[in-house]
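Using the working numbering, read the sequence shown as starting at 1 and increasing by one per residue. Below is one structure, written out as structure tokens; comments come after it.
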Amino acid sequence: IDSSHPSIRALSRELAGDAPENDWEKVRQIYDVVRDKVRYQEGPIRDASDALKAGVGDCEDMTSLFVALCRNTGIPARMVWIPGHCYPEFYLEPKDAKPERGELAGTWYPCQAAGTEQFGGMLEARPVLQKGDRFRVPEQRTPVRYVAEFFRCDRQGSKAPRVEFIRKPV
């Protein structure tokens with residue numbers, strides 16, 4: 001996610017100028033801006049800055065832009081990957097929480113960057129595959145946004161190995 005791109009930083013500064021004091025409202029402002037500036041359109045994967053410039057992007061592009069803008073505002077955010085889709089989550093802490101007393105320090109809230117408007121909660125039945133956007137895997141030199149299923153083996157004999165990927169709740 002190219003949070004440090006000049007166009008992303010410029011939009012973050014613009015938003016900071018009219019930002020509400022309440023963090024929930026700040027995130028809502030970012031959410032509305034992403035949905036206003038980028039129209040959903042399937043296509044090749046773009047960086048957040050490219051989606052902003054083009055004014056179009058798919059769920060991954062719109063989620064990346066939302067995450068980049070939140071991070072530039074000082075609000076933790078991450079990508080959530082589900083089968084065939086992704087969406088962002090943002091993290092807010094209550095102002096009066098006292099973690100040293102065991103009180104809840106904060107909560108991750110989901111929202112739907114692309115598709116039906118859903119902010120702060122999601123009606124989603126598909127299982128979560130991963131959360132995050134910067135994974136290091138041995139087969140890649142640079143971090144990747146998503147770790148896909150991967151299998152490698154030395155072939156023995158004339159038959160191809162039978163492979164089955166199983167996903168189950170843990």
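Cβ coordinates follow ideal geometry from the N, Cα and C atoms, glycine included.
{"Asked": "Skipping 5 residues on each side, what residues in its chain have a beta carbon closer than 8 Å to that of residue 161?", "Found": "153 and 155"}
{"Asked": "Give the list of continuous alpha helix (DSSP H) stretches no shorter than 4 residues that lie fully inside the segment 36-66.", "Found": "48-54"}
{"Asked": "Return the first residue and the last residue of the alpha helix (DSSP H) that residue 16 is part of.", "Found": "6-17"}
{"Asked": "Could you give the first and the last residue of the continuous beta strand (DSSP E) run that contains residue 107?", "Found": "107-110"}
{"Asked": "How should residue 88 be labelled, buried or exposed, when 16 other C-beta atoms within 10 angstroms of its C-beta is the threshold for buried?", "Found": "buried"}
{"Asked": "What's the C-alpha gap between residue 142 and residue 157?", "Found": "34 Å"}
{"Asked": "In whole angstroms, what separates the C-alpha of residue 12 from that of residue 164?", "Found": "44 Å"}
{"Asked": "Give the secondary structure of residue 26 by DSSP, where H, G and I count as helix, E and B as strand, and everything else as coil.", "Found": "helix"}
{"Asked": "Let me check understanding here. Comparing Cα to Cα, which of 147, 27 and 113 lies closest to residue 51?", "Found": "113"}
{"Asked": "On the DSSP bridge assignment, give the partners of residue 79 in chain order.", "Found": "88"}
{"Asked": "Of the choices 139, 132 and 137, whose alpha-carbon is the least far from that of residue 68?", "Found": "132"}
{"Asked": "Cutting at 7 Å between CB atoms, please list the residues of its own chain near residue 36, excluding the five before and the five after it.", "Found": "none"}
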